[in-house]
Amino acid sequence: MKKLKALFCAIVLSTCLVGNVFAGGVATTTGAGFFSFFSDAANAVVSFFSREDCPPRQCTTCRPGGGNENDPNCRPITN
Amino acid sequence: MTSLTQKIRFFIPQIRIESATNFVSLLLLTLVAMTSVAVSQTAQGETTGDVFPVPNNFKTEGIPAIKNSEVENLFYDASAIRSNLIWDADRQNRRLLVTDETNSVWLLNTPMSQPVKMLEKIVPQSVKMRPGGVAFAYTSDQENEDNYQLYVYDFKENAPKKVVVLTGKDESVDSFVWSRAGDSLLYVRADYDTKKTKLCRNDLQAEKCFATSFGGIWEVMDTDANKVLLKHWKASSSQLLYLFDTQNDKLTPVDEKGNSRKAFLTGDRVFWTSEGNENCRKEPCILSQDLKSGKISQLNLPENLLNLNDVKVSPDGNHVVIQDTRDGIDVLRVFRLKKDKIVKEIPPFISGSYVVWNVRWLSDTEIAYTLEDIAKPTSIQSFNFDSKKYTDWTKERLPAQLVDKVKSPEVIRWKSFDGREVSGYVVRPKTMAPGKKSPVLIYVHGGPQILDKPLFNTMDIRLADNLGMTTIHTNVRGSSGFGKEFMDADNREKRSDAVKDIQALLDWIAKQPDLDANQIYLRGVSYGGFVVLSTALQESSRIKGVIAEYPLVSIRGYLAQSWIDEFAKSEYGDPKDEDLMKRLDALSPLNNTDRWNQTPLFITHGKLDSRVPEKDVIDLKNQLQNKNSEVWFVYSTDGGHGFGGKYVTAAMYQFLKKQTTKENKK
Numbered sequence: 009m010k011k012l013k014a015l016f017c018a019i020v021l022s023t024c025l026v027g028n029v030f031a032g033g034v035a036t037t038t039g040a041g042f043f044s045f046f047s048d049a050a051n052a053v054v055s056f057f058s059r060e061d062c063p064p065r066q067c068t069t070c071r072p073g074g075g076n077e078n079d080p081n082c083r084p085i086t087n
Numbered sequence: 024m025t026s027l028t029q030k031i032r033f034f035i036p037q038i039r040i041e042s043a044t045n046f047v048s049l050l051l052l053t054l055v056a057m058t059s060v061a062v063s064q065t066a067q068g069e070t071t072g073d074v075f076p077v078p079n080n081f082k083t084e085g086i087p088a089i090k091n092s093e094v095e096n097l098f099y100d101a102s103a104i105r106s107n108l109i110w111d112a113d114r115q116n117r118r119l120l121v122t123d124e125t126n127s128v129w130l131l132n133t134p135m136s137q138p139v140k141m142l143e144k145i146v147p148q149s150v151k152m153r154p155g156g157v158a159f160a161y162t163s164d165q166e167n168e169d170n171y172q173l174y175v176y177d178f179k180e181n182a183p184k185k186v187v188v189l190t191g192k193d194e195s196v197d198s199f200v201w202s203r204a205g206d207s208l209l210y211v212r213a214d215y216d217t218k219k220t221k222l223c224r225n226d227l228q229a230e231k232c233f234a235t236s237f238g239g240i241w242e243v244m245d246t247d248a249n250k251v252l253l254k255h256w257k258a259s260s261s262q263l264l265y266l267f268d269t270q271n272d273k274l275t276p277v278d279e280k281g282n283s284r285k286a287f288l289t290g291d292r293v294f295w296t297s298e299g300n301e302n303c304r305k306e307p308c309i310l311s312q313d314l315k316s317g318k319i320s321q322l323n324l325p326e327n328l329l330n331l332n333d334v335k336v337s338p339d340g341n342h343v344v345i346q347d348t349r350d351g352i353d354v355l356r357v358f359r360l361k362k363d364k365i366v367k368e369i370p371p372f373i374s375g376s377y378v379v380w381n382v383r384w385l386s387d388t389e390i391a392y393t394l395e396d397i398a399k400p401t402s403i404q405s406f407n408f409d410s411k412k413y414t415d416w417t418k419e420r421l422p423a424q425l426v427d428k429v430k431s432p433e434v435i436r437w438k439s440f441d442g443r444e445v446s447g448y449v450v451r452p453k454t455m456a457p458g459k460k461s462p463v464l465i466y467v468h469g470g471p472q473i474l475d476k477p478l479f480n481t482m483d484i485r486l487a488d489n490l491g492m493t494t495i496h497t498n499v500r501g502s503s504g505f506g507k508e509f510m511d512a513d514n515r516e517k518r519s520d521a522v523k524d525i526q527a528l529l530d531w532i533a534k535q536p537d538l539d540a541n542q543i544y545l546r547g548v549s550y551g552g553f554v555v556l557s558t559a560l561q562e563s564s565r566i567k568g569v570i571a572e573y574p575l576v577s578i579r580g581y582l583a584q585s586w587i588d589e590f591a592k593s594e595y596g597d598p599k600d601e602d603l604m605k606r607l608d609a610l611s612p613l614n615n616t617d618r619w620n621q622t623p624l625f626i627t628h629g630k631l632d633s634r635v636p637e638k639d640v641i642d643l644k645n646q647l648q649n650k651n652s653e654v655w656f657v658y659s660t661d662g663g664h665g666f667g668g669k670y671v672t673a674a675m676y677q678f679l680k681k682q683t684t685k686e687n688k689k
């Protein structure tokens with residue numbers, strides 16, 4: 009019984025001590041790598057819809073920081 | 024040993040180490056436990072590290088955790104891609120203002136040189152070099168969505184300076200031009216609250232607004248001496264042209280009947296493109312008017328010219344460059360002018376099929392332009408037709424995972440319910456397993472007065488490469504580039520006809536041997552979101568999933584906003600017309616969720632979206648959730664109309680992956 013208690017406590021203790029160390033280490037390393045790889049810089053072309061037939065408030069849909077990722081028609085307006 | 028025992032006893036006082044044997048057993052057990060926990064924690068760590076993080080500024084609902092390992096091949100290092108477009112040219116110093124893939128504005132002093140960063144993380148609405156090349160002006164709504172501020176960036180000071188202080192409740196500098204001498208800016212201050220527009224001049228010290236105020240939305244097109252060329256945006260197919268005299272505040276019509284998209288002043292003449300007036304009738308044409316005599320003449324154009332997408336006269340007035348667009352592919356044609364007549368064409372100088380952006384004259388004989396196609400990011404080139412010399416200003420670069428993944432786009436045409444021909448283009452995966460049909464994503468652009476061109480499109484390539492998916496880009500009725508009648512063909516009560524164009528496309532897909540009619544998905548942005556949601560309502564059995572990014576979900580709700588003006592009403596209808604509103608309600612997904620047949624939906628909305636009422640989107644989302652429909656919802660707490668980013672891309676990809684996997688298992 010005592011051995012069982014000891015085992016149980018040892019597992020709890022090792023989980024508390026070791027678990028945190030590993031979790032923290034892994035998360036930190038991977039996290040830093042992740043964010044440095046996927047930097048804030050967008051990956052594709054930029055800017056605005058070509059709008060020749062409607063004013064800005066009607067047809068401008070692309071925004072900084074993402075429009076180009078999703079919007080295939082994001083380009084600077086021609087003027 | 025004692026020390027370790029003491030430590031263990033310190034943490035677990037109830038354990039008494041009674042013998043060396045017991046201690047060894049305990050130590051072994053501890054090691055086993057540590058190892059097992061370590062293994063378990065490594066797995067958990069990978070799980071933690073493997074989760075593609077939801078950005079802090081996003082709130083999501085119904086989106087399962089995305090594994091980084093499943094989406095990381097969608098992305099690539101920012102340095103792996105290079106893509107540049109012209110903003111404007113400094114003719115005096117033969118240099119260019121350009122933008123790139125990181126939302127910055129750069130100064131490119133010489134071809135292929137290292138550009139100098141001017142602005143970072145600012146996407147201007149418009150950028151114009153000051154004549155003489157000592158500064159540039161730009162508008163940006165960085166501070167307040169859709170309320171554009173005017174800035175001047177002086178190259179000596181290396182910093183932007185705001186030149187206009189907006190005081191109205193909902194004011195915006197929507198357009199501006201430099202005076203010919205470069206000593207002042209002419210711009211319009213549009214007040215969307217009062218529905219009035221003022222024309223103002225600013226000598227970079229002080230502003231002076233002219234007494235005349237204009238109703239609706241106006242754009243300043245050009246200026247020369249005391250003349251200012253203005254466009255009134257009455258409707259997308261009714262862009263009216265006026266000349267304003269700054270000496271006497273007099274506004275004179277130039278063309279109130281045709282649709283005048285482009286216009287400029289040269290000496291004592293005004294030139295403009297028009298369609299639908301007594302001179303041009305249905306064909307696009309170029310007109311010019313002698314400002315002294317008032318006499319209008321029409322420029323003789325070659326018969327095989329299809330579309331006047333852009334027209335620019337050389338600085339010396341001896342040549343004109345015309346951008347003709349056919350099925351989304353641009354052709355640049357340069358003509359010699361003599362007494363306002365086209366007398367000779369310069370031989371074609373761009374080989375291949377490209378989309379061309381922002382053509383600029385660098386000298387009397389050299390033009391600069393931006394080129395791209397489905398497999399090639401944008402790059403900048405110039406051509407001197409005197410010396411026949413090409414100059415590369417920038418060279419594109421793209422990551423290996425995007426190379427050679429899709430076939431050349433195929434232009435397609437299909438007949439809609441009323442016999443009208445509608446077109447689009449198909450982007451297919453480069454390779455398909457023999458006998459296997461490709462799932463299809465139909466893309467509907469926003470606007471709707473926009474032309475979807477076959478651009479370098481990372482999302483198309485990603486979907487083709489990773490899901491074997493074909494994307495069909497559509498230019499349904501209401502799109503620009505097919506004449507004003509086509510652009511008006513979806514107005515007001517005809518809104519449902521645009522939806523029927525997509526329904527007819529479903530029939531076309533069913534006849535294609537390589538496309539899987541049982542796996543059709545829809546994706547629409549902004550107004551395109553309305554079309555795809557409405558189509559899904561009508562076609563619940565044929566549509567297997569819908570992506571609606573920052574969509575318009577109710578036209579009634581859209582028209583109820585305070586800034587809505589004459590232009591929007593001409594497109595969507597008068598909100599006081601209750602009969603029309605009821606007909607439009609019948610199309611709106613918001614009013615018809617009882618007819619939504621559990622089609623999985625991916626939907627986004629940004630808190631700062633000033634176009635689409637938030638309550639409508641949330642209401643739709645809630646209604647569908649209450650019906651236990653599958654809804655993937657992304658809400659950005661600091662994004663506006665058009666927000667996106669890597670998380671949205673990853674989630675959208677996972678959404679499509681899940682739906683295609685589900686369908687494949689059936």
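From first to last, the protein sequence lines stand for chains A and B.
If you count by this note's numbering, then the first sequence holds residues 9 to 87, one letter each, in order.
If you count by this note's numbering, then the second sequence holds residues 24 to 689, one letter each, in order.
Built from N, CA and C at the ideal position, the CB exists for glycine as well.
Note that the coordinates shown come from a computational prediction; the quantities given were computed from them, not determined experimentally.
- Positions of the beta strand (DSSP E) runs, each at least 3 residues long and wholly inside the stretch 508-575 of chain B, are given as 538-548, 566-572 in order along the chain.
- Listed along chain A are Cys62, Pro63, Gln66, each with a C-beta nearer than 8 Å to that of B:Phe590.
- Shown here, B:Ile587 sits in coil according to DSSP, grouped into three states, outside any helix or strand.
- In this structure, B:Val429 lies away from B:Ile390, with their beta-carbon atoms at least 8 Å apart.
- Interface residue (Cβ-Cβ distance to chain A less than 8 Å): B:Asp169 is classified as such.
- Counting C-beta pairs closer than 8 Å gives fewer than three between the stretch 459-468 of chain B and the stretch 144-153 of chain B, which falls short of the contact rule.
- When the alpha-carbon of B:Val187 is set against those of B:Asn181, B:Ala204, B:Leu209, the nearest one is in B:Leu209.
- Using a Cβ-Cβ cut-off of 8 Å, B:Ser402 does not count as an interface residue toward chain A, since no Cβ of chain A sits closer than that to its own.
- Counting along the chain, the unbroken alpha helix (DSSP H) around B:Tyr581 starts and ends at 578-582.
- Taking the CA atoms as reference points, B:Trp241 sits about 43 Å from B:Ile86.
- Rounded to the nearest angstrom, the Cβ distance from B:Glu594 to B:Asn541 is 35 Å, too far for a contact under 8 Å.
- For B:Gln228, the number of other beta carbons within 10 angstroms of its own is below 16, and it is reported as exposed.
- A direct Cα-to-Cα measurement between B:Ser439 and B:Asp475 gives close to 18 Å.
- Under DSSP, B:Glu433 forms a beta bridge with B:Val449.
- Contact of B:Met510 with chain A by beta-carbon distance below 9 Å involves Asp61.
- With 16 or more other Cβ atoms inside 10 Å of its own Cβ, B:Lys285 counts as buried.
- Residue nearest to B:Lys273 within the set B:Lys688, B:Thr672, B:Ser236, B:Arg224 is B:Ser236 (criterion: CA-CA distance).
- B:Pro623 and B:Glu508 have their C-alpha atoms spaced approximately 35 Å apart.
- When the five nearest sequence neighbours on each side are left out, the beta carbons in the same chain lying within less than 8 Å of the beta carbon of B:Ala112 are those of Arg118, Leu119, Leu120, Met152, Arg383, Trp384, Leu385, Ala391, in order along the chain.
- Boundaries around B:Ile484 are those of the alpha helix (DSSP H), 481-490, since no beta strand (DSSP E) includes it.
- Interface residue (Cβ-Cβ distance to chain A less than 8 Å): B:Asp245 is not classified as such.
- Residues of chain A with a Cβ closer than 8 Å to the Cβ of B:Gly238 do not exist, since the nearest Cβ in that chain sits about 14 Å away.
- Pairing B:Gln472 with B:Val522 gives a Cβ-Cβ distance that is not under 8 Å.
- B:Glu326 counts as exposed, since fewer than 16 other C-beta atoms from the protein chains shown sit within 10 angstroms of its C-beta.
- The C-beta separation of B:Asp193 from B:Asn170 comes to about 7 Å, placing the pair in contact by the 8 Å criterion.
- Residues Arg118 of the same chain have their beta carbon placed closer than 6 Å to that of B:Asn132, with the five preceding and five following residues left out of the count.
- At a cut-off of 8 Å between beta-carbon atoms, B:Asp488 makes no contact with chain A.
- Under the three-state reduction of DSSP, B:Val640 is assigned to helix.
- For B:Cys223, the closest of B:His628, B:Thr217, B:Val211 by C-alpha to C-alpha distance is B:Val211.
- The continuous alpha helix (DSSP H) containing B:Thr672 extends over residues 669-688.
- The C-beta of B:Ile390 comes no closer than 8 Å to any C-beta of chain A.
- Within the stretch 190-204 of chain B, the residues whose Cβ lies closer than 7 Å to any Cβ of chain A are, in chain order, Asp197.
- At least 8 Å separates the CB of B:Gln646 from every CB of chain A.
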